[in-house]
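**Student:** In the numbering used here, the protein residues as written are 2 to 886.
Backbone N, C-alpha and C define an ideal beta-carbon position, used for all residues, glycine too.
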Amino acid sequence: MTSLPKSYDPKEIESKWYKFWQQNAFFHAEASSDKPPYAIVIPPPNITGSLHIGHALDNTLQDCLIRWRRMQGYNTLWMPGTDHAGIVTELIMERKLAEEGTSRNELGREKFIERMWQWKDESAGYIVSQLQKLGCSCDWERERFTLDEGLSKAVRTSFVKLYNHVLIYRDTYMVNWCPMCNTAVSNLEVEPVEIDGHFYHIHYPVIDTDIVLEIATTRPETMLGDTAVAVHPDDKRYQHLIGKKALLPLCDREIPIIADDYVDTDFGTGALKVTPAHDMNDYEIGLRHNLEQLTIFTPDGSMNQDAGDNYVGLSRWDCRKKVVEDLENENYLVKIVPHRHAVGHHDRCGTIVEPAISLQWFLNVRPLAQRAIEATKKGEVKFIPERETSRFFHWMENIEPWPISRQRWWGHRLPIWYCNSCEKVTVTMDTPDRCECGSTDFHQDEDVLDTWFSSGLWPFSTMGWPQETEELKTFYPTSVLVTGWDILFFWVARMIMLGLACMDEVPFRTVYLHGLVADGKGQKMSKSKGNSIDPLETIETYGTDAFRFALASISTPIPYVPLPEAQIESGRRFANKVWNAARFIMMNLEKHPIPTIDERGEEPEPLEVQWIKSRLSHTIQTTTDAMENFRFYEVAQTLYAFLWHEFCDWYLEFAKQRLTKAEPYPLWVAADVLEQMMRLLHPLMPFITEEIWQQLPHGANKFDSDVNVSITIAPYPKPTTQNPTVEATMASVMEIIDNIRSIRGELNVPMGASVEVHIQAPNTEVRSRLETYLEQYLPAFTRVDGITIAESLPKPSNSAEAVIGDLAIYIPLAGVIDLEAEQARLTKRHQQAVKDVTSAQKTLENPNFIERAPENVVAQKRELLERLLIEQEKLERSLSMLTSS
RNA sequence: GGGCGGGUAGCUCAGGUGGCUAGAGCGACAGCCUUACAAGCUGUAGGUCACAGGUUCAAGUCCUGUCCCGCCUACCA
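#1: Three or more C-beta pairs closer than 8 Å, one from the region 400 to 412 and one from the region 363 to 378: is that the case here?
#2: Find out if the Cβ-Cβ distance for the pair Leu-292, Ala-229 is shorter than 8 Å.
#3: When you compare the CB positions of Val-758 and Ile-810, do they come within less than 8 Å of one another, or not?
#4: Report the option in Phe-476, Thr-511, Pro-467 and Thr-470 whose CA atom is closest to the CA atom of Val-483.
#5: Give the range of the alpha helix (DSSP H) segment to which Phe-782 is assigned.
#6: Taking 8 Å as the cut-off, does the region 154 to 167 touch the region 463 to 481 (at least 3 CB pairs, one atom from each stretch)?
#7: Of the residues Gln-695, Arg-745 and Glu-874, which one's Cα is nearest the Cα of Leu-5?
#8: Report the three-state DSSP secondary structure of His-593 (helix, strand or coil).
#9: Kindly indicate which three-state DSSP category Tyr-312 falls into: helix, strand or coil?
#10: Let me know the alpha helix (DSSP H) ranges lying completely inside the region 368 to 433, each 4 residues or longer, listed in chain order.
#11: On the criterion of 16 or more Cβ atoms from any shown chain inside 10 Å, does Ser-881 qualify as buried, or is it exposed?
#12: Is Cys-1 helix, strand or coil by DSSP?
#13: State the beta-bridge partners of Lys-246 as determined by DSSP.
#14: Flag this pair as yes or no: are the beta carbons of Gly-516 and Ile-559 separated by less than 8 Å?
#15: With a 10 Å radius around its C-beta and 16 neighbouring C-beta atoms as the bar for buried, classify Cys-438 as buried or exposed.
#16: From Lys-7 to Arg-110, what distance separates their C-alpha atoms?
#17: What's the C-alpha gap between Asn-702 and Asp-673?
#18: My output table needs one value for Asp-807: the three-state DSSP class, helix, strand or coil.
#19: Where does His-279 fall in DSSP's three states?
#20: List the endpoints of the continuous beta strand (DSSP E) containing Ile-41.
#21: Counting Cβ pairs closer than 8 Å, one from the region 750 to 770 and one from the region 823 to 835, do we hit at least three?
#22: Can you find the residues in the same chain that come closer than 6 Å, C-beta to C-beta, to Ser-706, ignoring five residues on each side of it along the sequence?
#23: Need the endpoints of the alpha helix (DSSP H) that Val-838 sits in, please.
#24: Whole alpha helix (DSSP H) runs in the region 70 to 111 with 4 or more residues, listed along the chain?
#25: Excluding the 5 residues flanking Met-304 on each side, which residues of the same chain have their C-beta closer than 7 Å to its C-beta?
#26: Could you name the residues of the same chain whose beta carbon sits closer than 7 Å to that of Pro-339, not counting the 5 residues immediately before and after it, in chain order?
#27: Who does Ile-540 pair with in a DSSP beta bridge?
#28: Identify whether Tyr-201 lies in helix, strand or coil by the three-state DSSP scheme.
#29: What three-state label does DSSP hand Gln-611 in the structure shown?
#30: Ignore the nearest five residues each way along the sequence and tell me which others in Lys-530's own chain have a CB closer than 7 Å to its CB.
#31: Residues in its own chain within less than 8 Å of Leu-163 by CB, not counting five upstream and five downstream?
#32: Output the distance between the C-alpha atoms of Gly-654 and Ala-781, rounded to the nearest integer angstrom.
#33: For the region 218 to 226 and the region 256 to 265, state whether three or more C-beta atom pairs, one from each stretch, are separated by less than 8 Å.
#34: Using the Cβ count rule (16 or more neighbours within 10 Å means buried), how would you classify Gly-388?
#35: Which same chain residues, not among the five before or five after Ser-34, have their C-beta less than 8 Å away from its C-beta?
#36: Could you tell me which residues DSSP pairs with Glu-195 in its beta bridges?
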């Protein structure tokens with residue numbers, strides 16, 4: 002008896018094979034090789050993080066590509082690694098510290114970083130082991146971490162290089178400031194969220210007049226930092242006030258009334274309070290009019306001394322309340338109206354960001370973006386789906402300087418030193434020895450780099466840059482980058498820019514941007530929404546292969562791919578189906594072992610063998626094309642349909658039938674087809690395919706001995722011949738079987754009951770084919786009591802009938818047949834036939850169609866109509882017979 | 001305000017350059033433990049392809065407009 006259990010149990014099998022693969026270093030890429038290179042760098046997950054559904058999809062697809070190319074004989078490198086993920090990771094640590102009753106500031110920089118490394122060391126293996134559970138065939142010997150020595154050197158090297166090209170500079174500018182994280186962030190990290198706020202209308206009295214100006218603001222507390230009121234120069238209502246001064250309520254400060262085009266006369270009251278230190282637009286107005294920039298917030302988002310004695314120390318929100326109260330008490334508040342508007346939130350911590358003026362380091366990305374655009378236009382990088390290209394261009398064309406310094410500790414410290422004597426700035430790889438002024442006393446910049454800076458170097462820093470390594474020569478530019486469309490700007494764009502800047506070459510040839518996993522309702526899965534599937538739990542319940550197959554199945558080009566539980570169940574059922582097909586074949590192979598090639602005689606190829614080979618070839622072709630075009634859902638669907646509905650539903654039934662007649666050859670072919678299917682399926686379902694593949698017969702009678710070590714390095718199947726004639730013949734046989742089954746089903750013939758089948762086949766050639774094949778095949782699918790095939794034969798009384806073109810199939814059902822049911826059945830078929838005939842006739846009656854449509858289309862239509870007319874006529878005749886009898 | 005994606009069976013989705021009688025999975029219904037598989041087998045039902053025009057011999061597919069849904073993006077305080 003075979004060792005395969007009745008149901009597929011993934012647990013043991015999965016851990017067994019992953020170890021085997023690793024021990025044999027199948028995933029290791031050669032730094033140089035005769036094989037063509039194929040490389041993917043992993044989007045590095047957070048070192049302290051755990052596998053979420055987005056990772057699962059992303060890495061499954063990458064693994065599919067990598068395994069597929071490896072089998073195709075490429076020298077494949079899947080470069081793995083992790084990211085230090087600056088701000089998020091620090092935030093989590095800070096939460097931990099708070100629980101311990103301490104804080105980052107209490108610990109101090111050195112101790113804090115020590116803790117971070119400790120935590121990193123503790124958790125580093127976690128995410129890696131999860132990726133391995135998922136089956137990822139990464140080259141783990143090359144694993145990298147963004148804070149590694151090598152990668153840190155890459156960061157410093159690129160920084161110095163960019164600085165020397167005057168692309169990195171320091172500037173005082175308005176940036177988005179997170180009061181929670183106490184750092185500047187880039188505008189990409191700011192997520193605008195629509196919130197229900199208010200419009201506060203406030204009176205600003207104009208000095209030396211009785212006039213009051215009414216301004217409207219959503220942030221009344223910022224008035225404490227107002228240094229002007231602006232109106233549009235053409236606004237008749239306010240023109241006469243330009244040049245006068247307004248009295249700022251609560252502050253007793255006189256501020257100028259200025260004219261600026263920026264002001265929209267139709268919005269609000271048309272009078273704009275100007276807070277140059279706390280609003281991007283006001284900042285620019287301030288620069289134009291040389292206004293004072295009055296900062297009223299502290300870095301942690303409360304009011305500073307300049308907000309005035311009444312407000313100092315209050316939080317932004319408490320201050321707002323108090324300002325509104327005070328305005329009301331002093332009769333400056335006109336009204337408060339509800340107003341919905343977008344407010345920027347820090348995407349890492351959710352805090353409302355504060356535009357603030359600060360001294361930061363910037364990377365001038367404009368020239369880099371220009372190069373990236375040109376390279377893309379030249380086709381050096383291709384985006385899939387193509388629509389992403391326009392999103393990429395749009396962002397690149399409107400790009401702004403990137404603030405790269407972060408007032409944090411966990412990350413790459415800026416390689417910038419300030420002389421303690423003369424203030425001179427030195428940017429070098431390591432601490433400078435001495436300053437121009439002769440001093441040897443320096444201090445390094447306190448800030449670290451935006452995490453995305455080091456991620457931007459990932460495709461080459463992981464391969465040893467700035468050294469000129471063999472890996473870089475072999476694998477750069479990499480082949481594909483696979484990630485979600487949501488980080489096109491964050492990461493992909495930066496990699497392209499930095500790749501061009503540092504390597505003079507784009508980092509990858511193709512960018513495949515997949516959708517984001519959504520729940521059954523189409524909502525993006527996320528931990529915060531609580532609608533997320535836990536990949537590890539899913540793997541535990543369904544098995545990795547089932548999960549991976551489900552993920553591949555949903556990978557259509559739409560932006561949000563729904564992953565309902567049922568999809569994963571479907572994956573599991575499929576795995577089980579695969580398992581049982583293999584089980585069936587192997588059980589029978591024990592009884593009918595495959596002879597070696599020498600022992601084997603010339604076997605005649607029965608129709609079904611020719612058919613399955615042709616279908617397999619077709620499947621290989623479709624699957625390969627789909628893989629080449631990143632159509633993973635099509636790969637999954639094609640393999641599912643072939644394996645289940647052609648191989649299992651039909652071919653194995655044929656093979657069974659042959660076995661009853663002691664004809665094992667089709668079974669041997671089944672083993673061969675299964676073996677090839679395992680290879681086709683391997684990129685999607687690595688574990689079960691390895692298990693089955695290993696159990697299939699190997700050796701002289703089957704495969705080359707040097708590739709039979711593992712399916713991971715077995716060749717990906719290539720299409721052979723396809724045989725349309727055989728396929729057509731088989732299709733007609735199948736159609737007859739389908740019709741007989743349908744009649745039995747609809748007329749409630751019990752499973753066990755045998756029926757006679759009479760077939761009228763006027764065409765000689767068709768008749769002889771049917772005589773050959775039906776005898777062989779029919780018993781495999783339905784119980785028959787004898788088959789009669791003739792050029793013309795009478796319809797037996799009390800028989801059911803099916804019509805296929807000029808064929809008529811009669812099944813005598815004396816005593817069983819329900820005449821009414823049969824009449825209903827035929828009537829329905831007839832109605833459909835009439836409908837189809839009418840539609841075909843309409844087309845063919847149109848002279849323009851005959852004239853202008855391609856010949857083959859016209860011919861096809863004619864054939865169709867002919868066939869439909871015959872069917873219609875036959876059905877009519879049968880119906881009239883039925884009603885008259 | 002711009003731009004993109006979507007609206008096809010009860011649900012979730014396929015339907016590259018227009019051309020066989022519009023498909024799949026899941027679900028529903030009916031019947032089956034037919035010794036590979038009940039995570040299975042067999043059969044059945046279910047669609048005026050969002051709407052309105054247009055181009056064409058031919059439109060789910062191309063064009064225009066409209067209506068919904070989602071997303072990206074923008075300095076309207």
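**Tutor:** Working from what's here:
#1: Short answer: they touch.
#2: Against a cut-off of 8 Å, the Cβ pair of Ala-229 and Leu-292 comes out as a contact.
#3: Yes.
#4: The residue with the shortest Cα to Cα distance from Val-483 is Thr-511.
#5: 765 to 782 is the extent of the alpha helix (DSSP H) around Phe-782.
#6: Contact between the region 463 to 481 and the region 154 to 167 is present, because at least three Cβ pairs lie under 8 Å.
#7: The shortest C-alpha separation from Leu-5 is found at Gln-695.
#8: Looking at His-593 - three-state DSSP - the assignment turns out to be coil, as it is neither helix nor strand.
#9: Residue state, collapsed to three classes: coil.
#10: The region 368 to 433 contains these whole alpha helix (DSSP H) runs: 389 to 398.
#11: Label assigned to Ser-881: exposed.
#12: It is not possible to answer for residue 1, since the shown part of the chain is limited to 2 through 886.
#13: According to the DSSP secondary-structure assignment, Lys-246 is paired through a beta bridge with Pro-257.
#14: Contact check for Gly-516 against Ile-559 passes: the beta carbons are separated by less than 8 Å.
#15: Exposed, by the Cβ-count rule.
#16: One C-alpha to the other measures close to 59 Å.
#17: Low per-residue confidence applies at Asn-702: pLDDT is 48, beneath 50, and the placement is therefore not dependable enough to give any value.
#18: Three-state result, Asp-807: coil.
#19: The answer is coil: DSSP assigns His-279 none of H, G, I, E or B.
#20: From DSSP, the beta strand (DSSP E) with Ile-41 extends over 38 to 42.
#21: Here the region 750 to 770 makes no contact with the region 823 to 835; the two share fewer than three CB pairs at distances below 8 Å.
#22: The pLDDT assigned to Ser-706 is 48, lower than 50, so where the model puts this residue is not dependable; a value taken from the coordinates is nonetheless given after this. In its own chain, leaving out the 5 sequence neighbours on each side, no residue places its CB closer than 6 Å to the CB of Ser-706.
#23: Counting along the chain, the unbroken alpha helix (DSSP H) around Val-838 starts and ends at 820 to 846.
#24: Along the length of the region 70 to 111, whole alpha helix (DSSP H) runs at least 4 residues long occupy 87 to 100 and 105 to 108, reported in chain order.
#25: Excluding residues within five positions, the ones whose Cβ falls inside 7 Å are Ile-297, Phe-298, Tyr-312, Val-313, Gly-314, Leu-315 and Cys-320.
#26: Excluding sequence neighbours, Pro-339 sits near Asp-197 and His-199.
#27: As computed with DSSP, Ile-540 is found in no beta bridge at all.
#28: Looking at Tyr-201 - three-state DSSP - the assignment turns out to be strand.
#29: Three-state DSSP puts Gln-611 in a helix.
#30: Hits under 7 Å: Gln-524.
#31: Closer than 8 Å at Cβ, skipping near neighbours: Ile-169, Leu-364 and Ala-502.
#32: Reading off the sequence shown, one finds Glu at residue 654, where the question assumed Gly. Going from the Cα of Glu-654 to the Cα of Ala-781 covers about 6 Å.
#33: Contact check between the region 218 to 226 and the region 256 to 265: fewer than three CB pairs, one atom from each, fall below 8 Å, which does not count as touching.
#34: Note that residue 388 is Arg in the sequence shown here, rather than Gly. Result: exposed.
#35: Around Ser-34: Asn-76 and Thr-475.
#36: Per DSSP, the beta bridge partners of Glu-195 are Ala-343.
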